[in-house]
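Asks: Dropping the structure in here first, questions after.
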Amino acid sequence: MSNDNQSDFIPSEEEDEHKASLRDSIRRMTNVQLGILLLAGAYTLYFVRPVLLPVILALLITLILNPIQKFLHEKLHILSPVAALMILMMVTSGVGAAIIYLSEPAYEYSEKLRDDIVKQRLKNVFQPLSDIQSGLNKVATEVEKITTPKEPEVEDEFAPPESIARPGIEKEVSPPLETPATVLDDIKDNKPVRVKVGKSPVDELIKTVKSVGYHLVITFILVFFLLAYGENMIKHITEVEATAALMDQLTTEVSRYMLTITVINSLLGVITGLAMWALGMPNPILWGVMAGTLNFIPYIGAIIGAVIVFLVAATHFDNQLAVILVPAVYYMLTIIEGNFLTPAILGKSFTVNPIVIFIWVMAWGALWGIPGMLIGLPILMVVRISLSKFPMFNRLERIISA
């Protein structure tokens, strides 16, 4: 082959630049498409919450209960539907008892936090800080007076004395403030009276209970079907043996994580309840359940719980030290759990970048509120474990777990 023919196959510099430009264009288009896809996904998630929230909750609860269902079915040879029904009856009984036992004190405390007595007690708690701040302000004012040079006063020789009134100038007197007519006067004059009716707390509570009850019923029905027939459904979907083995390994690891983190949060709830009881807090079971539930929300859940127990302590204790000690103990227990207990049990295989966790949970909170924040971390762990099983997503998995 001649040199001329060989030169035809050697790419020129212009062709290299063209290919590089084409690659950059494709990369930019891919980034734009990815951004549009993310926005469209967030928009869809926001509006399909009533349908999707029970489904996701059912999937997460199924992953938690799946090891128990497997034990009953494989070890004790109980039929899957019967085992699922037994598990569901135990779970619903526990949840129902907790709601019945804890709903009344929770409602009472939510009403107490709106009273003026609570505001006065909180004011008394922070009174030393207010006194310190006012003292510092006084010291700063005195220092400013001492350090600021006084300007000499210049008298106007042509200005008339203040006792002599200037001719043609009258002293301006502000007119009296117009007071609105009282309701009684309006009634006497047969005038319509506007009455502003606020929302009843009882009506709001009934509305919330109805909404929560609806979601719980749908969720537990889905949990039953997933526990009873989910394994057969996966086998029919993944007919390839290698894919079925991968799915089984994935569900096993995710179930192990979900069950472990649920046990850890339950243990934290028990310890927190005992600590609140030892400190003299009323209804310690309520605060234990709250601590275990809010611990599914990383970082923010502990702060929310500490603020709530602080407000309740302010309504219950007259001693300022006790009011400060209760939230401090609550928050310290969550710090010990998050920094020592959970890493020691789960190990490094389930670690996630704290920045990714915070952004992820905030995003789910913006989309679905408190329920979104509760399920945010479990969903992230499911995504992380799933990505670790596919080599093509190793880079993304490293970003999440860094």
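If you read the sequence shown in the working numbering, its first letter stands for residue 8, the second for the next number, and so on.
Glycine is no exception: its CB is placed at the ideal position from the N, C-alpha and C atoms.
Is DSSP giving S87 helix, strand or coil here?
Replies: Here residue 87 refers to the residue found at position 80 of the sequence shown. Three-state result, S87: helix.
Asks: From P398 to V333, what does the alpha carbon distance come to, in whole angstroms?
Replies: Your numbering for residue 398 matches position 391 in the sequence shown. Your numbering for residue 333 matches position 326 in the sequence shown. Cα to Cα, P398 sits roughly 48 Å from V333.
Asks: With a threshold of 8 Å, are at least 3 pairs of Cβ atoms found where one atom belongs to the stretch 249 to 263 and the other to the stretch 64 to 73?
Replies: A contact is defined here as three or more CB-CB pairs under 8 Å, and the stretch 249 to 263 meets this definition with respect to the stretch 64 to 73.
Asks: With burial defined as no fewer than 16 other Cβ atoms inside 10 Å of the residue's Cβ, what is the status of I68: buried or exposed?
Replies: Translated into the one-based positions of the sequence shown, residue 68 becomes position 61. That one is buried.
Asks: When we look at the beta-carbon of Y50 and count the other beta-carbons within 10 Å, is it buried (16 or more) or exposed?
Replies: As a first step, residue 50 must be located in the sequence shown, where it is residue number 43. When all chains shown are included, Y50 counts as exposed.
Asks: Would you check if the distance between the CB atom of L293 and the CB atom of A113 is smaller than 8 Å?
Replies: Translated into positions along the sequence shown, residue 293 becomes position 286. Translated into positions along the sequence shown, residue 113 becomes position 106. Going by C-beta atoms, L293 is nearer than 8 Å to A113.
Asks: Give me the Cβ distance between I271 and I382, rounded to the nearest whole Å; I'm assuming they're in contact under 8 Å.
Replies: Within the sequence shown, residue 271 is the residue found at index 264, counting from 1. Within the sequence shown, residue 382 is the residue found at index 375, counting from 1. Not quite, the Cβ-Cβ distance comes to about 17 Å (not below 8 Å), so this is no contact.
Asks: Are there 16 or more other CB atoms within 10 angstroms of the CB of H243, so buried, or fewer, so exposed?
Replies: What you label residue 243 is simply residue 236 of the sequence shown in a count that begins at 1. Classification for H243: exposed.
Asks: For the candidate residues M339, V363, L384, L223, whose alpha-carbon lies nearest to that of V98?
Replies: Numbered from its first residue, the sequence shown carries residue 98 at position 91. Ranking M339, V363, L384, L223 by Cα distance to V98 puts L223 first.
Asks: Report the start-end ranges of each alpha helix (DSSP H) in the stretch 328 to 378 that is 4 residues or longer and not cut off at the edges.
Replies: 349 to 353
Asks: For my contact list, M288 and G312 are in at a C-beta cut-off of 8 Å; report their separation, rounded to the angstrom.
Replies: Position 281 of the sequence shown, counted from the start, is the residue given in the question as residue 288. Position 305 of the sequence shown, counted from the start, is the residue given in the question as residue 312. Their Cβ separation, rounded to whole angstroms, is 12 Å, which puts M288 and G312 out of contact at 8 Å.
Asks: Using only the alpha-carbon positions, how far apart do S110 and Y116 sit?
Replies: Looking up residue 110 in the sequence shown gives position 103. Looking up residue 116 in the sequence shown gives position 109. Their backbone Cα atoms lie some 10 Å apart in a straight line.
Asks: Span of the alpha helix (DSSP H) holding G295?
Replies: As a working note, residue 295 is residue 288 in the sequence shown. That run of the alpha helix (DSSP H) goes 291 to 301.
Asks: Tell me whether the beta-carbon of L229 lies closer than 8 Å to the beta-carbon of A104.
Replies: Taking the first residue of the sequence shown as position 1, residue 229 is located at position 222. Taking the first residue of the sequence shown as position 1, residue 104 is located at position 97. Not closer than 8 Å, so no.
Asks: Below 6 Å CB to CB, which residues in the same chain sit around I362 once its five sequence neighbours on both sides are set aside?
Replies: On the sequence shown, residue 362 is found 355 positions in, with the first residue counted as 1. Excluding sequence neighbours, I362 sits near nothing in its chain.
Asks: Please name the residue in A235, L83, I43, K217 whose C-alpha comes closest to that of A91.
Replies: The sequence position of residue 91 within the sequence shown is 84, counting from 1. Comparing alpha carbon positions, the residue from A235, L83, I43, K217 closest to A91 is A235.
Asks: Figure out for me which residue from I63, I343, I94, S141 has the closest Cα to the Cα of W375.
Replies: As a first step, residue 375 is located in the sequence shown; it is residue number 368 there, counting from the start. Closest option to W375, Cα to Cα, is I63.
Asks: Mind checking I392: buried by the 16 CB within 10 Å criterion, or exposed?
Replies: For the purposes of this step, residue 392 is taken as the residue at position 385 of the sequence shown. By the neighbour-count rule (16 or more Cβ atoms within 10 Å), I392 is buried.
Asks: Taking G287 as part of the alpha helix (DSSP H), name the residues at either end of that continuous run.
Replies: Locating residue 287 in the sequence shown gives position 280, where the first residue counts as 1. Note, G287: premise wrong, no alpha helix (DSSP H); not H, not E.
Asks: Mind checking which residues open and close the alpha helix (DSSP H) that includes P57?
Replies: Working through the sequence shown from its first residue, we reach residue 57 at position 50. Counting along the chain, the alpha helix (DSSP H) containing P57 begins and ends at 56 to 77.
Asks: Between the C-alpha atoms of F78 and I85, what's the straight-line distance to the nearest angstrom?
Replies: Here residue 78 corresponds to residue number 71 of the sequence shown, with the count starting at 1. Here residue 85 corresponds to residue number 78 of the sequence shown, with the count starting at 1. Cα-Cα distance, rounded: 9 Å.
Asks: Do L95 and F231 come within 8 Å of each other at the CB atom, strictly closer than that value?
Replies: The count along the sequence shown starts at 1 and reaches residue 231 at position 224. The count along the sequence shown starts at 1 and reaches residue 95 at position 88. Contact: yes.
Asks: If we ignore side chains and look at the alpha-carbon of each, how far apart do W371 and F357 end up?
Replies: Counting from 1 along the sequence shown, the entry for residue 371 is found at position 364. Counting from 1 along the sequence shown, the entry for residue 357 is found at position 350. The C-alpha of W371 lies about 20 Å from the C-alpha of F357.
Asks: Quick one: grab the DSSP three-state call for K217.
Replies: By one-based count along the sequence shown, residue 217 stands at place 210. Three-state result, K217: helix.
Asks: For the alpha helix (DSSP H) that contains S408, what are its first and last residues?
Replies: For this step, residue 408 is matched to residue 401 along the sequence shown. S408 -> alpha helix (DSSP H) spans 401 to 408.
Asks: By the three-class DSSP mapping on this structure, what secondary structure does A236 have?
Replies: Within the sequence shown, the letter at position 229 stands for residue 236. Reading the sequence as shown, one finds Tyr at residue 236 and not Ala. Three-state DSSP puts Y236 in a helix.
Asks: Do G276 and G308 have their beta-carbon atoms positioned less than 8 Å apart in this structure?
Replies: The sequence position of residue 308 within the sequence shown is 301, counting from 1. The sequence position of residue 276 within the sequence shown is 269, counting from 1. Not closer than 8 Å, so no.
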